[in-house]
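The C-terminal position of the sequence shown is numbered 740 in this note's numbering, with every residue numbered one higher than the one before it.
Ideal Cβ positions, reconstructed from N, Cα and C, are used throughout, including at glycine.
None of the values given here were measured: they were computed from a predicted structure.
Notes to accompany the following structure.
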Amino acid sequence: AIMADSTSRWAEALRELSGRMEEMPAEEGFPAYLPTRLAEFYERAGRVNTLNGQEGSVSVIGAVSPPGGDFSEPVTQHTKRFIRCFWALDRELANARHYPAIGWIDSYSEYADEVKTWWDKFDPRWASIRIKALDLLKREQRLQQIVRLIGPDALPDSDRLVLTVAEMIKNGFLQQNAFDDIDQYSVPQKQILILLLVMDFYEKALAVIKQGCPLTKIMELDVRNEIIRAKSVVPNDNMEDLTAIQNHLEQQMGELERVYRKDAAV
């Protein structure tokens with residue numbers, strides 16, 4: 475693996491040298507051949523056949539430090555042309571002590587389809603549940619713009635549920651404590667099961683809301699906090715505890731469903 479920190483400083487040095495050589499500047503003073511030089515670096519990554527006949531791989535990880543966090547500047551834009559995975563660090567997440575501070579909206583990976591076969595060995599639902607979780611986070615971002623204007627109380631319970639479950643994904647799945655003995659590393663099975671729990675909570679909660687159950691009743695359920703705490707409570711070698719949380723979820727949601735089904739019938 476080759477790790478470069480940071481390619482932005484290298485590009486700035488390239489701009490300085492280009493200026494001293496009196497070359498024709500391009501956007502923001504960078505030389506016109508900046509994209510070519512970036513491509514020469516990143517395109518060295520991939521699977522290789524070594525001189526002794528063995529197969530290997532070279533991974534290239536570059537850190538880009540755009541001034542003021544402006545992702546529209548040339549180094550960031552040209553870098554994104556030659557890479558297939560981009561982790562956008564978010565200053566607001568870092569200030570909120572949400573680590574790793576990777577923004578889930580701007581970040582992306584084009585390797586998802588290629589690693590699907592590997593994840594399917596653990597659970598074939600991985601790809602679909604990942605897409606649903608990302609969609610929920612995008613919906614939450616759009617709703618936050620409305621919340622800033624009129625407040626959360628003006629939203630219907632179904633939209634407020636989206637905000638609630640998005641917080642569960644952030645705090646119970648994406649956020650990680652590297653100093654916690656359990657949370658510092660999670661096996662793939664545990665990651666999938668926790669995300670499945672969160673999304674199952676959403677689907678069951680949405681169903682009972684449609685039957686007339688208020689969101690406040692759902693927020694009072696103990697199982698919601700159990701799901702959020704699972705990442706730091708359930709050890710990697712004890713998936714039975716997650717099964718117990720799943721059973722508790724079905725029990726508590728089932729009780730709400732029966733109550734409001736009767737009320738709807740009356």
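Same chain, Cβ closer than 8 Å to Ser533, neighbours up to 5 away in sequence not counted: Excluding positions up to five away in sequence, the list reads Ala475, Ile476 and Ala519.
Phe545, DSSP secondary structure in three states: coil
- prompt: Under a Cβ-count criterion, where at least 16 other Cβ atoms within 10 Å of its own Cβ denotes burial, should Ser660 be classed as buried or exposed?
  reply: buried
query: Any contact of the stretch 592-600 with the stretch 571-580, i.e. 3+ C-beta pairs under 8 Å?
result: no
task: Starting from Glu529, follow its DSSP beta bridges and name the residues at the other end.
output: Asn523
- prompt: Roughly how many whole angstroms lie between the Cα atoms of Val733 and Met727?
  reply: Using only the alpha carbons, I get a separation of about 10 Å.
- request: Evaluate the contact criterion for the stretch 713-728 versus the stretch 664-675: three or more CB pairs, one atom per stretch, below 8 Å.
  value: yes
- request: Could you check what DSSP says for Ala475 in three-state terms: helix, strand or coil?
  value: coil
field: Ser546, buried or exposed, once every other Cβ within 10 Å from all chains shown has been counted against 16
entry: exposed
message: Measuring alpha carbon to alpha carbon, tell me which residue in Phe653, Ile683, Tyr585 and Ala640 is nearest Pro630.
response: Ile683
query: Just to confirm, are Tyr507 and Phe556 a CB contact at a threshold of 7 Å?
result: no
Cβ distance (whole Å) where Leu680 is taken to contact Ile643 below 8 Å: Not quite, the Cβ-Cβ distance comes to about 15 Å (not below 8 Å), so this is no contact.
message: Short of 7 Å in beta carbon distance, which residues of its chain neighbour Asn523, apart from the five on each side in sequence? Order them along the chain.
response: Glu529
query: On the three-state DSSP scale, how would you describe Ser583?
result: strand
- prompt: In the DSSP assignment, what are the bridge partners of Ala575?
  reply: Partner(s): none; Ala575 has no beta bridge.
message: Quick check: the Cα distance between Arg489 and Leu512, rounded to an integer number of angstroms?
response: 13 Å
task: Drop a sphere of 10 angstroms on the beta-carbon of Ile535, count the other beta-carbons inside from all chains shown, and report buried for 16 or more, exposed for fewer.
output: The residue in question, Ile535, is exposed, as its Cβ has fewer than 16 Cβ neighbours within 10 Å.
query: Helix or strand or just coil, what does DSSP make of Gly646?
result: helix
query: Going by alpha carbons, who is nearest to Phe504 out of Ser492, Ile605 and Glu514?
result: Ser492
message: Using only CA atoms, which one of Ile620, Ile666, His552 and Glu731 lies nearest to Ser602?
response: Ranked by how close their Cα comes to the Cα of Ser602, the residues Ile620, Ile666, His552 and Glu731 have Ile666 in first place.
query: Within 10 angstroms of its Cβ, does Ser632 collect 16 or more other Cβ (buried), or is it exposed?
result: exposed
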